[in-house]
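Below is one structure, written out as structure tokens; comments come after it.
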């Protein structure tokens with residue numbers, strides 16, 4: 021976030037070294053760009069250790085594969101970062117670099133959840149309501165929309181469209197002039213914010229009504245609503261402050277936190293509300309992530325999922 025916000029993307033013009041050195045003088049934009057590289061290298065080492073540990077010690081195949089995906093993502097992210105510098109910040113690579121960073125963050129959040137003691141415990145499940153859009157799918161839709169909004173945000177940042185519409189909510193009492201590409205991208209980001217705000221509000225209300233009995237779901241839903249409020253305010257002040265470095269960077273960081281929180285809510289919803297497990301592919305993934313009985317051992321049968329069959333039978337009888 022700080023690298024782009026401070027315009028330091030080309031403060032170090034070579035890669036993988038920085039001015040041919042491992043540790044160049046940390047002055048000016050070099051501090052942000054080379055500091056970014058050092059943090060990225062540290063994350064890469066930690067991700068490698070995590071992936072190896074999961075391969076050697078983790079019994080659930082889906083979790084092992086997620087660890088391998090994290091390793092692949094962090095390697096690709098490093099390569100994209102290098103290409104961004106070598107090709108002088110091309111929009112396509114810069115946006116891909118930003119978006120892959122969000123995806124990698126989501127993968128690590130998923131790993132943190134599914135390897136936690138909480139996830140391994142036996143959890144009460146419920147069929148929820150007969151709503152045409154089940155809670156898990158609504159949460160997944162919300163997560164997808166937030167990600168698309170972050171893609172628009174990355175496109176806006178890397179095309180210099182952050183101030184293409186320099187006022188809020190309207191410009192001089194009129195709708196903005198959309199005659200330039202930058203203005204269209206900026207306006208699309210604002211419209212996306214409205215759409216995302218609406219779907220998050222709907223998700224929060226559904227979670228409060230149907231998931232109130234589960235503390236982790238209600239807390240996560242409230243956290244998502246709080247982050248949305250902060251994010252909208254930061255977006256407004258980013259424009260009004262003429263892209264203040266601190267506010268712009270906080271806006272980017274809060275967007276990542278909002279995405280991760282929505283992803284957590286999605287995973288928790290799939291765990292608590294098993295309706296989506298009626299699909300064979302999702303059931304297979306869930307078996308890989310591991311469902312546990314009160315004794316702490318995976319519950320299986322010849323067809324792969326005792327709990328699913330009990331749930332389906334209960335629905336038929338009901």
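In the working numbering, the protein residues as written are 21 to 338.
All residues carry an ideal CB built from backbone N, CA and C; glycine is no exception.
**Prompt:** So residue 254 packs on residue 270, CB below 8 Å; how close in whole Å?
**Reply:** The distance from the Cβ of residue 254 to that of residue 270 is about 6 Å, consistent with a contact at the 8 Å cut-off.
**Asked** Are at least three pairs of beta-carbons, each pair with one atom in the segment 93–101 and one in the segment 240–257, less than 8 Å apart?
**Response** In this structure the segment 93–101 does not lie against the segment 240–257, because fewer than three pairs of beta carbons, one per stretch, are closer than 8 Å.
**Request:** Look at residue 230 and residue 288 and say whether their C-beta atoms are less than 8 Å apart.
**Result:** No, Cβ-Cβ distance for residue 230 and residue 288 is not below 8 Å.
**Extent of the continuous alpha helix (DSSP H) to which residue 258 belongs** = For residue 258, the enclosing alpha helix (DSSP H) stretches over residues 235–260.
**Asked** Apart from the five residues just before and just after residue 273, which ones in its own chain have a Cβ nearer than 8 Å to its Cβ?
**Response** For residue 273, same chain residues with a beta-carbon under 8 Å away, outside a window of 5 residues either side, are 21 in chain order.
**Reference residue 111; option with closest CA among 79, 29, 140 and 61** = Ranking 79, 29, 140 and 61 by CA distance to the CA of residue 111 puts 29 first.
**Prompt:** Measuring CA to CA, which of 64, 65, 42 and 63 is closest to residue 54?
**Reply:** Closest by alpha carbon: 42.
**Request:** Could you check what DSSP says for residue 28 in three-state terms: helix, strand or coil?
**Result:** Three-state result, residue 28: coil.
**Message:** Please report the straight-line C-alpha distance between residue 45 and residue 290, rounded to a whole angstrom.
**Reply:** Here the alpha carbon of residue 45 sits roughly 49 Å from the alpha carbon of residue 290.
**Cβ neighbours of residue 182 in the same chain (closer than 8 Å, five flanking residues each side left out)** = Excluding sequence neighbours, residue 182 sits near 176, 206, 258, 259, 263 and 268.
**Message:** Nearest by alpha-carbon distance to residue 97: which of 52, 116, 180 and 160 is it?
**Reply:** Scanning 52, 116, 180 and 160 for the CA closest to the CA of residue 97 turns up 116.
**Message:** Measuring only the C-alpha atoms, how far is residue 74 from residue 239?
**Reply:** Between residue 74 and residue 239, the C-alpha separation is close to 29 Å.
**Segment limits, alpha helix (DSSP H) that includes residue 159** = From DSSP, the alpha helix (DSSP H) with residue 159 extends over 155–178.
**Request:** Per DSSP, which residues does residue 194 bridge with? Please list them.
**Result:** DSSP lists 191 as partners of residue 194.
**Message:** Taking 8 Å as the threshold (C-beta atoms), are residue 87 and residue 133 in contact?
**Reply:** Cβ atoms of residue 133 and residue 87: not closer than 8 Å.
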